[in-house]
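Numbered according to this note's numbering, the sequence shown spans residues 10 to 351.
Taking it in order: structure first as structure tokens, then the write-up.
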Amino acid sequence: MPKYRRIAIQLIRSLALLAIFSGTAAHGAERRDVIIDTDPGADDVVALLLALASPEALNVLAITTVAGNVRIDKTSRNARLAREWAGREEVPVYAGAGQPLVRTPIYAENIHGAEGLPGVAVYEPKHGLAKGNAVQYLIDTLGKAAPHSVTVAMLGPQTNLALALIQAPEITRGIKEVVVMGGAHFNGGNITPVAEFNLFADPDAAKVVLASGVKLTYVPLDVTHKMLTSDQRIQKIKGLNNRAGERVADILNEYVKADMVHYGLPGGPVHDASVIAWLLKPDLFSGRQINLAIDNREGVTMGQTVADWYDTLGRPKNVYWVESGDAQGFFDLLTERLARLK
Ligand code: BDR
Ligand code: CA
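And the structure:
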């Protein structure tokens with residue numbers, strides 16, 4: 010099928026989805042323009058499917074990929090797989106940074122598998138990457154955007170946005186807010202005793218984004234470790250009997266095993282999907298404005314997010330820190346949205 014015809018068909022499908030669900034945008038909020046920056050990753054793929062199944066609330070302008078859970082070629086392929094499984098091939102995927110700003114790359118193959126997607130067979134998706142680099146895409150898009158109009162959902166190391174901000178600091182003007190999956194305070198870390206993976210993988214990038222002064226929300230392990238899978242929750246997703254539900258159930262069944270054993274938890278977190286749930290239904294969560302500092306020094310506290318929850322230092326509050334969430338509400342939302350897909 011010629012490329013233009015294919016894109017036209019995809020566009021019509023998206024518009025149809027949008028028409029079906031228009032008027033049902035979560036909490037009456039207007040539709041957001043969103044760029045999803047991601048390192049798929051099991052939970053990233055779940056997050057992408059949740060976002061792409063919610064066109065009435067989220068206008069996903071693009072998916073930008075970064076090295077993190079696995080190498081950049083694999084995260085970029087997995088992002089395209091998620092896009093294919095959502096039937097949303099009109100959404101461009103731009104590949105970005107293959108390594109952190111300064112430090113040596115680390116990966117999380119022990120959790121996400123060698124291909125970055127546990128529990129399912131991976132393959133080369135039908136459609137390729139968009140031409141151009143993710144960092145340039147961020148600079149161009151945010152630079153041209155109406156003031157404070159674009160939300161950036163950060164589901165991996167923050168390298169791409171940091172590089173864009175270093176090259177073109179004025180792009181903060183186009184940003185409505187940045188929502189980060191990352192950090193840990195009350196919960197402790199998951200890659201060191203105090204650091205969460207995304208912050209540890211590129212603490213320098215996280216510091217650049219924090220210092221830029223953009224409106225920031227952090228969705229840390231404090232909340233994601235309270236929103237756990239259960240057999241029943243995964244079964245309900247599997248029971249949707251569609252491809253998306255089947256894939257998500259297979260991925261989650263495999264993905265949660267390591268965390269359940271390591272932390273002695275009754276289920277596993279689906280970290281990155283919480284960022285999308287926050288955008289769709291913020292009422293499911295609670296938190297507060299706090300002062301956040303990030304440690305990027307080599308040593309035992311590298312990547313630690315020092316979250317001044319009790320305002321002990323009286324410093325300016327620079328992030329909204331999400332601390333708890335309605336786990337059942339989250340899984341109900343995820344299941345309901347996945348049911349919309351093929
Ligand atoms: C974060 O690290 C990655 O492994 C996950 O995809 C998530 O973004 C959780 O610490
Ligand atoms: Ca991730």
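Just so it is clear, CB atoms sit at the ideal spot from N, CA and C, and this is done for glycine as well.
G334 bridges to which residues according to DSSP?
Along the sequence shown, one-based indexing puts residue 334 at 325. Paired residue(s): F294.
Rounded Cβ spacing between Q145 and A214 (contact assumed at less than 8 Å):
Residue 145 sits at position 136 when you count from the first residue of the sequence shown. Residue 214 sits at position 205 when you count from the first residue of the sequence shown. Q145 to A214, Cβ: 17 Å. No contact.
Using alpha carbons as the reference points, say which of A91, G277, L208, P64 lies closest to R256.
Working through the sequence shown from its first residue, we reach residue 256 at position 247. Closest option to R256, Cα to Cα, is A91.
What does the alpha-carbon distance come out to for the pair A220 and A171?
Walking along the sequence shown from the start, residue 220 turns up at place 211. Walking along the sequence shown from the start, residue 171 turns up at place 162. When rounded, the distance between both Cα atoms is 10 Å.
In chain order, what residues have a CB nearer than 5 Å to some heavy atom of ligand 3?
Of the ligands this structure carries, namely ligand 1 and ligand 2, none is ligand 3.
Just the Cα atoms here: how many angstroms apart are I303 and L208?
Position 294 of the sequence shown, counted from the start, is the residue given in the question as residue 303. Position 199 of the sequence shown, counted from the start, is the residue given in the question as residue 208. Roughly 8 Å separates the two Cα atoms.
Which complete beta strand (DSSP E) runs does the region 259-307 hold, if anything under 3 residues is left out?
294-303
Proximal residues to F206 (C-beta, below 7 Å), its chain only, five neighbours per side dropped
As a working note, residue 206 is residue 197 in the sequence shown. Correct list, in chain order: A117, N199, I200.
Here's the rule: buried if 16 or more other CB atoms are within 10 angstroms of the residue's CB, otherwise exposed. What is K140?
To locate residue 140, count along the sequence shown from 1; it is residue 131. So K140 counts as exposed.
Please state whether DSSP places I180 in a helix, a strand or coil.
Walking along the sequence shown from the start, residue 180 turns up at place 171. Here I180 sits in helix by DSSP.
Which first and last residues belong to the beta strand (DSSP E) in which R41 is found?
Against the sequence shown, residue 41 aligns to sequence position 32. Start and end: 41-47.
Does the beta-carbon of A204, which I'm using as the reference point, lie nearer than 7 Å to any heavy atom of ligand 1?
Residue mapping note: residue 204 aligns to position 195 of the sequence shown, counting from 1. No, Cβ of A204 sits at least 7 Å from all heavy atoms of ligand 1.
Can you look up K185 in the DSSP assignment and give me helix, strand or coil?
Start at 1 with the first residue of the sequence shown, and residue 185 comes out as number 176. Strand, per DSSP.
Look up V228 in the DSSP assignment and give the residues it is bridged to.
Looking up residue 228 in the sequence shown gives position 219. Beta-bridge pairing links V228 to M190.
Sequence-distant residues of its chain with Cβ nearer than 7 Å to D240 (five each side left out):
As a working note, residue 240 is residue 231 in the sequence shown. Around D240: no qualifying Cβ.
By DSSP, does Y103 sit in helix, in strand, or in coil?
Locating residue 103 in the sequence shown gives position 94, counting from the first residue. Strand at Y103.
Integer-rounded CB distance, given that G96 should sit under 8 Å from I260
Residue 260 sits at position 251 when you count from the first residue of the sequence shown. Residue 96 sits at position 87 when you count from the first residue of the sequence shown. Actually they are not in contact, since the Cβ atoms of I260 and G96 sit about 18 Å apart, beyond 8 Å.
Measuring only the C-alpha atoms, how far is R4 from F339?
The structure shown does not extend to residue 4, since the chain is modelled only from 10 through 351, so no value can be given for it.
Please indicate yes or no: does the CB of I120 lie closer than 7 Å to some heavy atom of ligand 1?
Translated into the one-based positions of the sequence shown, residue 120 becomes position 111. Result yes, Cβ under 7 Å from ligand 1.
For ligand 1, is there a heavy atom less than 7 Å away from the beta-carbon of A162?
Here residue 162 corresponds to residue number 153 of the sequence shown, with the count starting at 1. Within 7 Å of the C-beta of A162 there is not a single heavy atom belonging to ligand 1.
By how many angstroms is the C-alpha of F195 removed from the C-alpha of G165?
Here residue 165 refers to the residue found at position 156 when the sequence shown is read from its first residue. Here residue 195 refers to the residue found at position 186 when the sequence shown is read from its first residue. So the alpha carbons of these two residues sit roughly 21 Å apart.
What is the DSSP secondary structure of D317, reduced to helix, strand or coil?
Translated into the one-based positions of the sequence shown, residue 317 becomes position 308. Strand at D317.
Report whether the distance from the Cβ of A336 to the nearest heavy atom of ligand 1 is below 7 Å.
Looking up residue 336 in the sequence shown gives position 327. A336 has its CB no nearer than 7 Å to any heavy atom of ligand 1.
Since A56 and D317 are thought to touch, with beta carbons under 8 Å apart, how far apart are those beta carbons, to the nearest angstrom?
Along the sequence shown, one-based indexing puts residue 56 at 47. Along the sequence shown, one-based indexing puts residue 317 at 308. About 28 Å separates the two Cβ atoms, so there is no contact after all.
Do you know offhand how far G334's Cα is from A173's?
The residue given as residue 334 occupies position 325 in the sequence shown. The residue given as residue 173 occupies position 164 in the sequence shown. Cα-Cα distance, rounded: 32 Å.
From R297, G312, N327, V279, pick the residue whose C-alpha is nearest to that of L59; which is it?
The residue you call residue 59 lines up with position 50 of the sequence shown. Of the candidates R297, G312, N327, V279, the one whose C-alpha sits nearest the C-alpha of L59 is V279.
Let me confirm a value: R324 is counted as buried when at least 16 other C-beta atoms fall within 10 Å, else exposed. Which label applies?
As a first step, residue 324 is located in the sequence shown; it is residue number 315 there, counting from the start. Exposed, because fewer than 16 other Cβ atoms sit within 10 Å of the Cβ of R324.
Which of helix, strand or coil DSSP assigns to V159
Taking the first residue of the sequence shown as 1, we reach residue 159 at position 150. Correct three-state label for V159: strand.
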